[in-house]
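Heads up: the structure comes next, in structure tokens.
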Amino acid sequence: MSQTTKIMAFIEAGPTQQQIRTALSSNEEFQLVADEQEAERATHKVHDATPDIILVDHQIEGESSLDLVDELALQFPDIPIVALLGEEDSLKAQQFLLAGVRAFMIQPFTQVSLLSTLRRIRELEGRRRVAQPIAGDNSTEKTEPLQILTVYSPRGGVGCSTLSINLAVALHELFEARVLLMEGKMIFGHLGLMLNFRPQNSIADLIPHAGALEDSLVEEVVSQHASGIHVLLSPSDLNVAQGIRPDDLYNVIKAVGRMYDIIVIDAGSYLNDNTVTLMDASDRVLLVTTPDLAALHDASRFIQLTGTLGFPPDKVLTVLNRAGMPGGIKIREIEGALQQRLFAQISEGNAKVIRSLNRGVPLLSSSPRNKLSKEIRSLALQLGAMDPGAELRPTKKSKVKAQLKRNGNGKPAHAEQHKSALRMLGR
Numbered sequence: 016m017s018q019t020t021k022i023m024a025f026i027e028a029g030p031t032q033q034q035i036r037t038a039l040s041s042n043e044e045f046q047l048v049a050d051e052q053e054a055e056r057a058t059h060k061v062h063d064a065t066p067d068i069i070l071v072d073h074q075i076e077g078e079s080s081l082d083l084v085d086e087l088a089l090q091f092p093d094i095p096i097v098a099l100l101g102e103e104d105s106l107k108a109q110q111f112l113l114a115g116v117r118a119f120m121i122q123p124f125t126q127v128s129l130l131s132t133l134r135r136i137r138e139l140e141g142r143r144r145v146a147q148p149i150a151g152d153n154s155t156e157k158t159e160p161l162q163i164l165t166v167y168s169p170r171g172g173v174g175c176s177t178l179s180i181n182l183a184v185a186l187h188e189l190f191e192a193r194v195l196l197m198e199g200k201m202i203f204g205h206l207g208l209m210l211n212f213r214p215q216n217s218i219a220d221l222i223p224h225a226g227a228l229e230d231s232l233v234e235e236v237v238s239q240h241a242s243g244i245h246v247l248l249s250p251s252d253l254n255v256a257q258g259i260r261p262d263d264l265y266n267v268i269k270a271v272g273r274m275y276d277i278i279v280i281d282a283g284s285y286l287n288d289n290t291v292t293l294m295d296a297s298d299r300v301l302l303v304t305t306p307d308l309a310a311l312h313d314a315s316r317f318i319q320l321t322g323t324l325g326f327p328p329d330k331v332l333t334v335l336n337r338a339g340m341p342g343g344i345k346i347r348e349i350e351g352a353l354q355q356r357l358f359a360q361i362s363e364g365n366a367k368v369i370r371s372l373n374r375g376v377p378l379l380s381s382s383p384r385n386k387l388s389k390e391i392r393s394l395a396l397q398l399g400a401m402d403p404g405a406e407l408r409p410t411k412k413s414k415v416k417a418q419l420k421r422n423g424n425g426k427p428a429h430a431e432q433h434k435s436a437l438r439m440l441g442r
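The numbering of the sequence shown is my numbering, which starts it at 16 and goes up by one.
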């Protein structure tokens, strides 16, 4: 972007319009190049104004603001859009993000928060454009090595957390890699409960030092799980969690990345600024879906959104969870609807999956011979094979084989962990 960032606004006349005019006119970083009060001929107006960032109000004459965002994101995928939502529209935030906005603000907001958001968008766009390959430059077409992996689904309840946990364990066991499992859901995360794990620290302890994070502090904050992976949870205090900003989150991930071979991030299903930041910082995004119409509809919308986010085609890998479930949509129809091949399939869960969740023990630890455990290991091997530098290689005698040999029937005893998990629920 140019030194002066050009802003275009689609907004109705009123206090918010005046607030935007005042904030931008008094700041040399930004220039309001167009201020439109109706959506008619919006694409022509954007083409003429050539803005760096577009603001879209939740109320605009002539067209639904959601439809306007959808149209602009399709026509101008390289121009970030910020939605200005009313308090009553806060529940629609995910719809706007799926339509193509890069960020949203809830009205009323201050001039300071407006300028801060615009600066953050400008910075994120700068990072994204630097990371994008230059057309015709073969040297930039190489596949990026796998180090940071975000697991996400636009639909809740499809198994992102379960997959994240067991995939992290599989990567650690198969490659003897130093793996960090990070909770990307800043609010209402369940990794601690699912792992029967309650460390005292969280990512909130790193955020104040995001600009200059030292390895020694990371080692103090991150905890090691019995499975061998390291874990960084989200804060339990909702007020603290809501105060985590995308810029700080990005800096923490990049700093922590120096210390680990692989970082697996459980991003859950809620799409917001922080989620997009996690994906920006990642080398791959595992898009998890299930063979039902609603999940596939949301997955398809997200795949369309990745185009406006500037992600390269090979960054998003679709994983079908609960494959083969009774009444599920057929694989060929799923791939046709998503217009891409599935990267991997994980079968429908069974009683052992539920038992492992209730015990707070990863499935790969409690039932290493289980069909799902084998499929998750296969997924881990596929991901490792994508590393062009061959930095991830399965060990000749993996910890999985050693564990099976030691336990014989592949059923380690976890009675004490089961009791402890139940005690955690009662707290």
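In this text, a Cβ means the ideal position worked out from N, Cα and C, and glycines have one as well.
Since the model is a prediction, treat every value here as computed from it, not as a measurement.
Does DSSP put residue i in a helix, in a strand, or in coil?
i: Ile-349; result: helix
i: Val-173; result: coil
i: Val-71; result: strand
i: Lys-107; result: helix
i: Arg-36; result: helix
i: Asp-50; result: strand
i: Lys-454; result: What is shown of the chain runs 16 to 442, which leaves residue 454 out entirely.
i: Ala-24; result: strand
i: Pro-30; result: helix
i: Leu-100; result: strand
i: Met-274; result: helix
i: Ile-180; result: helix
i: Met-209; result: helix
i: Ile-259; result: coil
i: Ile-94; result: coil
i: Ile-202; result: coil
i: Glu-159; result: Residue confidence for Glu-159 is low, a pLDDT of 48 falling below 50, so the modelled location carries little weight; the figure read from the coordinates is stated next. Looking at Glu-159 - three-state DSSP - the assignment turns out to be coil, as it is neither helix nor strand.
i: Phe-326; result: coil
i: Glu-78; result: coil
i: Pro-223; result: helix
i: Asn-216; result: coil
i: Gly-423; result: Here Gly-423 scores only 41 on pLDDT, less than 50, and its place in the model should not be relied on; the value that follows carries that caveat. Correct three-state label for Gly-423: coil.
i: Ala-125; result: With the sequence shown as reference, residue 125 is identified as Thr, and Ala is not the correct amino acid for it. Note: Thr-125 maps to coil in three-state DSSP.
i: Asp-63; result: helix
i: Gly-399; result: helix
i: Asp-252; result: coil
i: Ser-131; result: helix
i: Gly-141; result: helix
i: Ile-136; result: helix
i: Ser-382; result: coil
i: Ile-268; result: helix
i: Glu-188; result: helix
i: Leu-228; result: coil
i: Glu-234; result: helix
i: Glu-55; result: coil
Could you tell me how far apart the beta carbons of residue i and residue j are, in whole angstroms, since I believe they sit closer than 8 Å?
i: Ile-26; j: Gln-32; result: 5 Å
i: Asp-50; j: Ala-24; result: 5 Å
i: Val-334; j: Ile-361; result: 7 Å
i: Arg-135; j: Asp-262; result: 6 Å
i: Leu-87; j: Ile-69; result: 6 Å
i: Gln-110; j: Leu-81; result: 6 Å
i: Ile-75; j: Glu-53; result: 7 Å
i: Val-173; j: Ile-244; result: Wrong, their Cβ atoms sit about 22 Å apart, outside the cutoff.
i: Leu-357; j: Ser-315; result: With a Cβ gap of about 13 Å, Leu-357 and Ser-315 do not count as contacting.
i: Ala-183; j: Val-279; result: 4 Å
i: Leu-112; j: Asn-287; result: 7 Å
i: Ala-185; j: Ile-391; result: 5 Å
i: Ala-219; j: Val-255; result: 5 Å
i: Val-291; j: Leu-324; result: 7 Å
Give the DSSP bridge partners of residue i, in chain order.
i: His-245; result: Leu-195, Gln-239
i: Ala-167; result: Looking at the sequence provided, one finds Tyr at residue 167 rather than Ala. BP columns for Tyr-167 point to Gly-283, Leu-302.
i: Thr-19; result: BP columns for Thr-19 are empty, so no partner.
i: Leu-335; result: Thr-304, Gln-360
i: Phe-45; result: Thr-20
i: Met-120; result: Leu-99
Would you say the beta carbon of residue i comes nearer than 7 Å to a heavy atom of the ligand NAP?
i: Val-166; result: Here there are no bound small molecules, and the ligand NAP is not part of this structure.
Contiguous alpha helix (DSSP H) assignments of at least 4 residues, all confined to the segment 353-377: Here the runs fully enclosed are 366-374.
Touch test, the segment 229-249 against the segment 199-219, Cβ-Cβ under 8 Å, three pairs minimum: Taking a cut-off of 8 Å for Cβ pairs, the segment 229-249 and the segment 199-219 touch, as three or more such pairs fall below it.
Beta strand (DSSP E) runs wholly inside the segment 279-322, at least 3 long, in chain order: Within the segment 279-322, the runs of beta strand (DSSP E) that reach at least 3 residues and sit entirely inside it are, in chain order, 299-304.
Stretch-stretch touch, CB-based, cutoff 8 Å, three pairs: the segment 92-101 with the segment 113-130: Touching, per the Cβ criterion.
Cβ contact check for the segment 264-271 and the segment 300-314: 3 or more pairs under 8 Å: Flag = no, the segment 264-271 and the segment 300-314 do not touch.
The segment 372-379 in contact with the segment 341-359 per 3-pair CB rule at 8 Å: With a cut-off of 8 Å, the segment 341-359 and the segment 372-379 do not count as touching, because too few Cβ pairs lie within range.
At least 3 beta-carbon pairs within less than 8 Å: the segment 229-245 vs the segment 304-324: As far as the Cβ criterion goes, the segment 229-245 does not touch the segment 304-324, which means the pair count is below three.
Sufficient close CB pairs (3 or more, under 8 Å) joining the segment 347-358 to the segment 164-177: No, the segment 347-358 does not touch the segment 164-177.
Segment contact flag, the segment 214-230 with the segment 387-399, C-beta cutoff 8 Å, min 3 pairs: Contact fails: fewer than three Cβ-Cβ distances are below 8 Å.
Cβ contact check for the segment 188-200 and the segment 282-294: 3 or more pairs under 8 Å: Result yes; three or more Cβ-Cβ pairs closer than 8 Å.
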